[in-house]
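Everything on this sheet refers to the single structure shown next.
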Amino acid sequence: MNENFGSRLKTLRKNASYTQKKLAELIGLEQTTIANYENGNRIPNINKITALANLFNVSTDYLLGKTETSDTNRSLYSYKDYINKLLIGDKKAAYEIVLSFIHNGMSVQDLYQNIIQRSLIETGEIWEQGVIDIWKEHIITEISMYIMNNIVTNYERATNKNKTILALLPGGEMHSIGLRMFCDILWLEGWNTIFLGINLPTSSLMKAIQEYKPYAITLSVTMPYHIDPTTNLISAISKIDSKERPLILIGGSAFNNINSACELTGADYYFKTINEANSKLVELL
-10 MNENFGSRLK
0 TLRKNASYTQ
10 KKLAELIGLE
20 QTTIANYENG
30 NRIPNINKIT
40 ALANLFNVST
50 DYLLGKTETS
60 DTNRSLYSYK
70 DYINKLLIGD
80 KKAAYEIVLS
90 FIHNGMSVQD
100 LYQNIIQRSL
110 IETGEIWEQG
120 VIDIWKEHII
130 TEISMYIMNN
140 IVTNYERATN
150 KNKTILALLP
160 GGEMHSIGLR
170 MFCDILWLEG
180 WNTIFLGINL
190 PTSSLMKAIQ
200 EYKPYAITLS
210 VTMPYHIDPT
220 TNLISAISKI
230 DSKERPLILI
240 GGSAFNNINS
250 ACELTGADYY
260 FKTINEANSK
270 LVELL
């Protein structure tokens, strides 16, 4: 399959009048990586296959030389299969289903948003309705975390941007999965993301800022009653000398019904989606 992929990629690149160097720049890779692709020495992971397909306006199946007959594995599992395994606490089966999604071309963004995040929202809703007990929701969260911790290496990372982003939950905020998704996806996009966790004292955050000299700090808030502690934390960060102060980004469902989250909290930027945050950070480089 590697040779077939390499020859197709080379033809598409030449038809578009791209040099290997130019294509590498567009995709966020090194020129040698493109050369290895075309020579059949390597094949990109799912993220880059999708990016290449979008760039050349072809399907991922075309790039990989797949036929409808050889691609029947796509229909082996569905989202329903995944959430059913979560509900019975079958970690192994849920993980294997996710791996099948990845091997059949699902991007990390789609996987996180349309599979993992969707399942957490839906199980949270049925917990609120009394259909499942809180212990079962906790197991589902634990399985989701396990899956996230083990799948990132299945995707190819973009060229390192040599910029650090610190991420943390302010105040007593405990909902960490969304921010962990943010860290994973931006890490794959080339950022050095560091998750600092929950209940971090302001003094400790200041020490981390001093050591890492981050390009940005991202705060995620799920519960509205944690907005005030977030504002206080942002106020403390804002007192750092302007030459060393990192950008401050905020996100999370606590701000869904607030017209001006930045004006309220003092943050530099508010984002609704991870892709929106990444685009803004790249724009400001």
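Heads up: the sequence shown begins at -10 in the working numbering, then just goes up one per residue. Every residue, glycine too, gets a C-beta built ideally from N, C-alpha and C.
Runs of the beta strand (DSSP E) lying entirely within the segment 167 to 220, each at least 3 residues long, are 181 to 187, 205 to 209 in chain order. The DSSP-derived three-state label of Gly241 is coil. Boundaries of the beta strand (DSSP E) around Thr153: 153 to 158.
In the DSSP assignment, Leu236 forms a beta bridge with Ala205.
Straight across, the Cα-Cα distance linking Asn36 with Val97 is about 7 Å. Taking 8 Å as the cut-off, the beta carbon of Ile166 is found no closer than this to the beta carbon of Thr112. Counting the other Cβ atoms within 10 Å of the Cβ of Gly94 gives 16 or more, which makes it buried. Approximately 25 Å separates the beta-carbon atoms of Ile115 and Phe171; this is outside 8 Å, ruling out the contact.
Taking 8 Å as the upper bound for CB-CB distance, Ser48 and Leu75 are not in contact here, some 30 Å apart. Between the alpha carbons of Ile132 and Lys80 lies a distance of about 6 Å. Between Leu44 and Leu15, the beta carbon gap of about 6 Å places them in contact (Cβ cut-off 8 Å). With contacts defined by Cβ atoms closer than 8 Å, Ala256 and Ile239 form a contacting pair. Here Ile136 is actually not in contact with Ala156; their C-beta atoms are around 19 Å apart, not less than 8 Å. Around the Cβ of Tyr214, a 10 Å sphere holds fewer than 16 other Cβ atoms; the residue is exposed. Annotation: the continuous alpha helix (DSSP H) that includes Phe90 extends over 80 to 92.
If you look at Glu272, you'll find it in the alpha helix (DSSP H) that goes 263 to 273. One Cα belongs to Val271, the other to Ile123, and the distance between them is close to 40 Å.
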